[in-house]
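Reading through the structure tokens given below for one structure.
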Amino acid sequence: MALASPRTRFQIVNMSKILKLVRATLENLWADITILKTNLAHTAADAVFAIGCDKDQIIKSCILKGNVSGEAILFITTDGNRVDPVKAAQLGSETLGKANAALTREQRGFAIGDGSPIGYLHPIRAFSDPRRKKFEQI
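Mapping to my numbering: the sequence shown position 84 is 84, numbers consecutive.
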């Protein structure tokens with residue numbers, strides 16, 4: 001049996017609970033999707049290498065807590081960008097703080113760092129980096 005290189009891509013057959021939720025969300029947004037898994041994608045830099053894409057095709061999420069509303073607010077950005085706290089507060093129309101692990105798990109259905117920027121259990125107020133629109137695939 002030959003070992004696959006880190007750049008080898010596999011179509012996923014057995015999906016985790018989280019991945020099934022992500023897939024369902026993607027299928028509701030876009031009809032034609034393909035989810036691929038690589039041998040090496042523990043970080044965004046790993047994913048860029050493994051897939052051979054631009055770093056801005058890697059999407060990351062940041063959940064902040066509204067200091068007035070107490071709500072979780074999602075900010076989706078490309079890997080080349082960071083969430084600016086001042087701009088985020090202007091978009092969210094309230095001052096923002098860190099969302100703790102309990103609020104994040106309650107909103108998402110899975111722990112911090114264990115999942116996707118999409119596919120949450122509960123609806124969430126979200127803002128997205130317009131830079132992601134410059135790519136056909138993310």
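We treat Cβ as the ideally placed atom computed from N, Cα and C, and that holds for glycine.
Note that the structure is a prediction, hence the values are computed from the model and not measured.
For Arg125 and Ile73, what's the separation of their Cα atoms in angstroms? 5 Å
Given a threshold of 16 other Cβ atoms within 10 Å of its Cβ, counted over all protein chains shown, does Arg108 qualify as buried or as exposed? buried
Which same chain residues end up closer than 7 Å to Ile59 when comparing Cβ atoms and leaving out the 5 residues on each side of it in sequence? Ile76, Thr78, Pro117, Arg132 and Ile138
Of the residues Leu91, Cys62, Val48 and Arg82, which one's Cα is nearest the Cα of Lys98? Cys62
Segment limits, alpha helix (DSSP H) that includes Ala101: Ala101 to Arg108
Mind reading off the beta-carbon distance from Leu91 to Lys65? Whole number of angstroms is fine, and I expect it under 8 Å. Not confirmed; about 14 Å, so no contact.
Exposure label - Val68; buried when at least 16 CB within 10 Å: exposed
If you draw a straight line from the C-alpha of Ala41 to the C-alpha of Ala47, how long is it? 4 Å
Looking at the structure shown, is Thr25 part of a helix, part of a strand, or coil, going by DSSP? helix
Taking all protein chains shown into account, decide if Thr104 is buried (16 or more other Cβ within 10 angstroms of its Cβ) or exposed. buried
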